[in-house]
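Each position in the sequence shown, counted from 1, maps to that position plus 24 in this note's numbering. Below: one structure, written as structure tokens.
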Amino acid sequence: MPTQNPPLRLNFSTRWQYAPAPETAKVEIKPSYDLFIGGKFSPSTEGKTFETVNPATEKPLSQVASATHKDVDRAVKSARNAYDKVWSKMPAKERGKYVYRIARMIQERARELSIIESMDGGKAIRESRDVDIPLVAAHFFYYAGWADKLEYAFPGRAPRALGVCGQIIPWNFPLLMAAWKIAPAIACGNTVVLKPAETTPLTSLKLAEIIQDCDLPPGVVNIITGAGDTGAAIVNHPGIDKIAFTGSTDVGKRIMSAIAGTNKKYTLELGGKAANVIFDDATIDQAVEGIINGIFFNQGHVCCAGSRLLVQESIHDKVIAKLQDRMQTLIVGDPLDKNTDIGAINSKMQLEKINGYLSLAGDEGANVWQTDCELPAKGFFCRPTLFLNCAQSHRVVQEEIFGPVLAVQTFRTPEEAVEKANNTPYGLSGGVWTDKGSKIFKITNAMRAGVVWANTYNKFDPTSPFGGYKESGVGREGGLHGLAAYLRVD
Ligand code: NAI
Ligand code: MG
Numbered sequence: 025m026p027t028q029n030p031p032l033r034l035n036f037s038t039r040w041q042y043a044p045a046p047e048t049a050k051v052e053i054k055p056s057y058d059l060f061i062g063g064k065f066s067p068s069t070e071g072k073t074f075e076t077v078n079p080a081t082e083k084p085l086s087q088v089a090s091a092t093h094k095d096v097d098r099a100v101k102s103a104r105n106a107y108d109k110v111w112s113k114m115p116a117k118e119r120g121k122y123v124y125r126i127a128r129m130i131q132e133r134a135r136e137l138s139i140i141e142s143m144d145g146g147k148a149i150r151e152s153r154d155v156d157i158p159l160v161a162a163h164f165f166y167y168a169g170w171a172d173k174l175e176y177a178f179p180g181r182a183p184r185a186l187g188v189c190g191q192i193i194p195w196n197f198p199l200l201m202a203a204w205k206i207a208p209a210i211a212c213g214n215t216v217v218l219k220p221a222e223t224t225p226l227t228s229l230k231l232a233e234i235i236q237d238c239d240l241p242p243g244v245v246n247i248i249t250g251a252g253d254t255g256a257a258i259v260n261h262p263g264i265d266k267i268a269f270t271g272s273t274d275v276g277k278r279i280m281s282a283i284a285g286t287n288k289k290y291t292l293e294l295g296g297k298a299a300n301v302i303f304d305d306a307t308i309d310q311a312v313e314g315i316i317n318g319i320f321f322n323q324g325h326v327c328c329a330g331s332r333l334l335v336q337e338s339i340h341d342k343v344i345a346k347l348q349d350r351m352q353t354l355i356v357g358d359p360l361d362k363n364t365d366i367g368a369i370n371s372k373m374q375l376e377k378i379n380g381y382l383s384l385a386g387d388e389g390a391n392v393w394q395t396d397c398e399l400p401a402k403g404f405f406c407r408p409t410l411f412l413n414c415a416q417s418h419r420v421v422q423e424e425i426f427g428p429v430l431a432v433q434t435f436r437t438p439e440e441a442v443e444k445a446n447n448t449p450y451g452l453s454g455g456v457w458t459d460k461g462s463k464i465f466k467i468t469n470a471m472r473a474g475v476v477w478a479n480t481y482n483k484f485d486p487t488s489p490f491g492g493y494k495e496s497g498v499g500r501e502g503g504l505h506g507l508a509a510y511l512r513v514d
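Next comes the structure, spelled out in structure tokens:
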């Protein structure tokens with residue numbers, strides 16, 4: 025038998041040092057922000073506020089109004105008024121022009137929005153600048169185009185708007201999730217009350233300013249800030265026709281039981297624990313890039329992250345050696361630096377949750393491996409991490425962690441890969457890496473997930489529907505499916 029050479033290892037002790045290259049544009053963040061209701065900013069009725077911080081520095085950025093039940097009621101009434109008196113009566117062609125205008129204004133202010141997104145949420149500027157904000161504009165452009173073509177999208181089915189939509193979004197893609205929610209809703213003729221997450225309200229409030237600058241009729245889009253209580257008040261308000269939620273499965277379940285027995289429609293986009301499956305016939309270097317992108321994009325704060333690596337046993341050692349070498353090159357640090365690959369963890373709470381799983385992985389019997397990069401002294405950061413030798417029953421394999429940590433398992437046959445891939449409560453996404461087209465068809469069909477990427481990962485487009493099976497949620501966003509979710513089509 026030929027003797028196998030051990031995998032070639034690179035030496036990182038003489039790693040390149042990069043000079044800092046911070047993004048420099050000046051942005052305006054006001055010391056405080058009010059609620060955007062009926063086209064105007066107004067304080068919370070009880071004057072309550074909360075602080076949003078920069079997770080990379082732990083410094084406060086702004087003081088933001090916390091909406092009470094009364095404020096939610098004001099926002100819903102303003103949305104209803106705008107729906108009844110203006111938006112539902114406006115010719116669809118005119119409605120579309122407003123949505124286009126928002127898209128163009130977002131493009132014009134893309135740099136400012138990218139910087140604020142990175143400051144408020146911690147994601148690397150490269151991602152907010154090259155992924156998040158361009159996709160935000162793309163979503164508004166895409167749905168603007170549908171506004172006056174709904175009869176062609178659903179021929180013979182007399183599509184009609186739903187009315188007032190309550191929309192609650194998370195902190196991992198703050199402005200992108202606002203776009204996923206607002207663009208299709210208003211293009212279809214609905215009006216909305218949107219609540220951003222409490223750690224990342226600033227880009228939604230900037231969007232409110234853009235909406236004001238666009239002269240959108242007052243009340244068509246209302247943006248109110250606050251924590252879970254504010255979200256629950258939106259969910260329970262009788263004046264809401266539809267709830268669109270993206271966030272944790274726990275809260276998704278609570279929302280579902282709160283609206284059971286009402287006429288409210290809903291879409292829920294919840295957690296995930298995607299398997300990224302690497303077969304022995306895959307192009308390994310390309311697959312390693314896909315693994316990196318799958319789990320380390322946005323610090324792993326991605327519901328469709330490839331957070332489980334399933335690698336065919338025969339290539340396990342080679343893939344892990346190459347993956348560890350590549351991970352050693354990842355730069356963790358200042359989100360505003362253009363060299364940074366992995367920014368700050370979104371909040372202290374999230375970092376504590378990830379750290380909890382780091383110690384759990386060891387207790388469960390996995391080998392915890394981390395890169396030896398330096399972490400900034402201040403701020404919430406986490407080293408890129410592998411959990412090696414995981415078993416299917418480990419909690420780090422079954423539960424969504426939402427951090428730059430990857431659980432690694434092996435498999436021998438395609439059947440075993442599928443069995444393991446599907447064996448979690450989630451079903452949002454997945455990845456397959458192989459040279460064989462037939463294997464791609466076989467495995468992608470067998471994986472019970474809303475999106476499965478083949479020989480790539482984390483590719484998004486407004487035309488493509490996105491959503492989950494099982495505990496990953498109900499309904500689809502994006503594309504025609506996402507349009508139908510904001511219409512009555514009978
Ligand atoms: P979360 O689900 O509590 O927060 C998401 C949004 O829901 C926020 O705007 C929040 O204010 C709102 N909310 C909270 N309680 C609510 C309620 N009872 N009714 C209505 N709205 C409510 O998520 P959290 O606690 O920030 O993160 C915890 C874990 O959830 C993360 O570690 C991650 O595993 C998962 N998560 C998943 C996301 C996804 O995109 N699938 C996004 C954010 C978190
Ligand atoms: Mg913040």
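Positions of the beta carbon are idealized from the N, C-alpha and C atoms, including for glycine.
Checklist entry - What runs of the alpha helix (DSSP H), each 4 residues or longer, lie entirely inside the stretch 108 to 188? => result 116 to 132, 134 to 145, 157 to 170 and 174 to 177
Next on the checklist: Let me check you understand the geometry: is the CB of R278 closer than 8 Å to at least one non-hydrogen atom of the ligand NAI?
Outcome noted: To locate residue 278, count along the sequence shown from 1; it is residue 254. Yes, the ligand NAI has a heavy atom inside 8 Å of this Cβ.
Item to check | Cβ-heavy atom distance, E141 to the ligand NAI, below 8 Å | outcome: One-based indexing of the sequence shown puts residue 141 at position 117. No, the Cβ of E141 stays beyond 8 Å of every heavy atom of the ligand NAI.
Checklist entry - DSSP on T76, reduced to helix/strand/coil? => result Taking the first residue of the sequence shown as 1, we reach residue 76 at position 52. Strand at T76.
Next on the checklist: Contact defined as beta carbons within less than 8 Å: I believe P194 pairs with T270. What is the distance between those atoms, to the nearest angstrom?
Outcome noted: By 1-based counting over the sequence shown, the position of residue 194 is 170. By 1-based counting over the sequence shown, the position of residue 270 is 246. Rounded, the Cβ-Cβ distance is 5 Å, consistent with contact.
Item to check | Contact under 9 Å by Cβ, A257 with V96 | outcome: Sequence index remark: in the sequence shown, residue 257 carries index 233 (1-based). Sequence index remark: in the sequence shown, residue 96 carries index 72 (1-based). Yes, the Cβ-Cβ distance between A257 and V96 is below 9 Å.
Checklist entry - Just reading off the beta strand (DSSP E) that R332 is part of, what are its end residues? => result Stepping through the sequence shown from its first residue, residue 332 is reached at position 308. Start and end: R332 to Q336.
Item to check | Backbone CA spacing between D349 and D396 [nearest angstrom] | outcome: Translated into positions along the sequence shown, residue 349 becomes position 325. Translated into positions along the sequence shown, residue 396 becomes position 372. Cα to Cα, the separation comes out at about 11 Å.
Item to check | Where N287 sits in the DSSP three-state scheme | outcome: On the sequence shown, residue 287 is found 263 positions in, with the first residue counted as 1. N287 falls in the coil class under three-state DSSP.
Checklist entry - Given Q422, which residues of its chain have a CB within under 6 Å of its CB, disregarding the five upstream and five downstream residues? => result Numbered from 1 along the sequence shown, position 398 holds the residue referred to as residue 422. Around Q422: T448.
Checklist entry - Is it a yes or a no for the stretch 312 to 330 touching the stretch 368 to 386, going by three-plus beta-carbon pairs under 8 Å? => result yes
Item to check | Local conformation of G451 per DSSP, three classes | outcome: Reading the sequence shown from its first residue, position 427 is the one you call residue 451. Reduced to three states, the DSSP call for G451 is strand.
Item to check | N-terminal and C-terminal residue of the beta strand (DSSP E) that T254 is part of | outcome: As a working note, residue 254 is residue 230 in the sequence shown. Taken as a continuous stretch (DSSP letters only), T254 belongs to no beta strand (DSSP E), being part of the alpha helix (DSSP H) at G252 to N260.
Checklist entry - Counting Cβ pairs, one atom from each stretch, are 3 or more of them under 8 Å apart for the stretch 243 to 255 and the stretch 55 to 66? => result yes
Checklist entry - By how many angstroms is the C-alpha of I192 removed from the C-alpha of K219? => result Numbered from 1 along the sequence shown, position 195 holds the residue referred to as residue 219. Numbered from 1 along the sequence shown, position 168 holds the residue referred to as residue 192. For K219 and I192, the distance between alpha carbons rounds to 5 Å.
Checklist entry - Is M25 helix, strand or coil when you go by DSSP? => result Within the sequence shown, the letter at position 1 stands for residue 25. Residue placement at M25 is flagged as unreliable, the pLDDT there being 48, under the threshold of 50; the coordinate-derived value follows with that caveat. Reduced to three states, the DSSP call for M25 is coil.
Next on the checklist: Mapping the DSSP letters down to three states, classify W457 as helix, strand or coil.
Outcome noted: Locating residue 457 in the sequence shown gives position 433, counting from the first residue. Residue state, collapsed to three classes: strand.
Checklist entry - Nearest to W457 by alpha carbon, out of A299, L360 and C406? => result Stepping through the sequence shown from its first residue, residue 457 is reached at position 433. If we check each option's Cα against that of W457, A299 comes out closest.
Checklist entry - Taking the continuous alpha helix (DSSP H) assigned at A203, which residues delimit it? => result In the sequence shown, the residue the question calls residue 203 occupies position 179. Start and end: P198 to A211.
Next on the checklist: Distance check for I302 and Y290, CA to CA, integer angstroms please.
Outcome noted: Looking up residue 290 in the sequence shown gives position 266. Looking up residue 302 in the sequence shown gives position 278. Straight-line Cα distance between these residues: approximately 35 Å.
Checklist entry - Can you name the residues that DSSP bridges to E501? => result Stepping through the sequence shown from its first residue, residue 501 is reached at position 477. Bridge partners of E501: F490.
Next on the checklist: Distance check for Y107 and R181, CA to CA, integer angstroms please.
Outcome noted: As a working mapping, residue 181 is identified with position 157 in the sequence shown. As a working mapping, residue 107 is identified with position 83 in the sequence shown. Rounded to the nearest angstrom, the two C-alpha atoms are 22 Å apart.
Next on the checklist: Can you tell me whether N391 is buried or exposed? The criterion is at least 16 other CB atoms within 10 Å of its CB, across all chains shown.
Outcome noted: The residue you call residue 391 lines up with position 367 of the sequence shown. Exposed: under 16 other Cβ atoms inside 10 Å.
Next on the checklist: Between which residues of its own chain and V259 is the CB-CB distance below 6 Å, once the five residues before and five after are set aside?
Outcome noted: What you label residue 259 is simply residue 235 of the sequence shown in a count that begins at 1. Result list for V259: I267, I279 and A282, in chain order.
Checklist entry - What do you reckon, are the CB atoms on A185 and Y510 nearer than 9 Å? => result Within the sequence shown, numbered from 1, the residue matching residue 185 stands at position 161. Within the sequence shown, numbered from 1, the residue matching residue 510 stands at position 486. Yes, they are a contact pair.
Next on the checklist: I'd like to know whether the C-beta atoms of D239 and G187 end up nearer to each other than 9 Å.
Outcome noted: Position 215 of the sequence shown, counted from the first residue, corresponds to residue 239. Position 163 of the sequence shown, counted from the first residue, corresponds to residue 187. No.
Checklist entry - Does the distance from the C-beta atom of R472 to that of N446 stay below 9 Å? => result By 1-based counting over the sequence shown, the position of residue 472 is 448. By 1-based counting over the sequence shown, the position of residue 446 is 422. Yes, the Cβ-Cβ distance between R472 and N446 is below 9 Å.
Checklist entry - With distances taken between CB atoms, is the gap from C328 to F490 smaller than 9 Å? => result Translated into positions along the sequence shown, residue 328 becomes position 304. Translated into positions along the sequence shown, residue 490 becomes position 466. For C328 and F490, yes; Cβs fall inside 9 Å.
Checklist entry - Taking the C-alpha atoms as reference points, what is the distance between K377 and D156? => result Counting from one through the sequence shown, the residue named residue 377 turns up at place 353. Counting from one through the sequence shown, the residue named residue 156 turns up at place 132. Looking at the two C-alpha atoms, the distance is approximately 25 Å.
Item to check | Counted within 10 angstroms of its Cβ, other Cβ atoms place R436 as buried (16 or more) or exposed | outcome: Numbered from 1 along the sequence shown, position 412 holds the residue referred to as residue 436. Classification for R436: exposed.
Item to check | Same chain, Cβ closer than 8 Å to T526, five either side skipped, listed in chain order | outcome: Residue coverage of the chain in this structure runs from 25 to 514, which leaves residue 526 outside it and unanswerable.
Next on the checklist: Quick check: the Cα distance between V275 and S453, rounded to an integer number of angstroms?
Outcome noted: As a first step, residue 275 must be located in the sequence shown, where it is residue number 251. As a first step, residue 453 must be located in the sequence shown, where it is residue number 429. Spanning the two alpha carbons is a distance of roughly 20 Å.
Checklist entry - Tell me, which residues are paired with F269 by DSSP? => result Within the sequence shown, the letter at position 245 stands for residue 269. DSSP lists I192 and L292 as partners of F269.
Checklist entry - Taking the C-alpha atoms as reference points, what is the distance between E136 and V51? => result Your numbering for residue 136 matches position 112 in the sequence shown. Your numbering for residue 51 matches position 27 in the sequence shown. Roughly 6 Å between the two C-alpha positions.
Item to check | Burial state of A202 (16 or more Cβ within 10 Å) | outcome: Within the sequence shown, residue 202 is the residue found at index 178, counting from 1. Answer is buried; the Cβ neighbour count reaches 16.
Checklist entry - Would the beta-carbon of A441 fall within 9 Å of that of C414? => result Reading the sequence shown from its first residue, position 417 is the one you call residue 441. Reading the sequence shown from its first residue, position 390 is the one you call residue 414. In this structure, C414 does not lie closer than 9 Å to A441 by Cβ.
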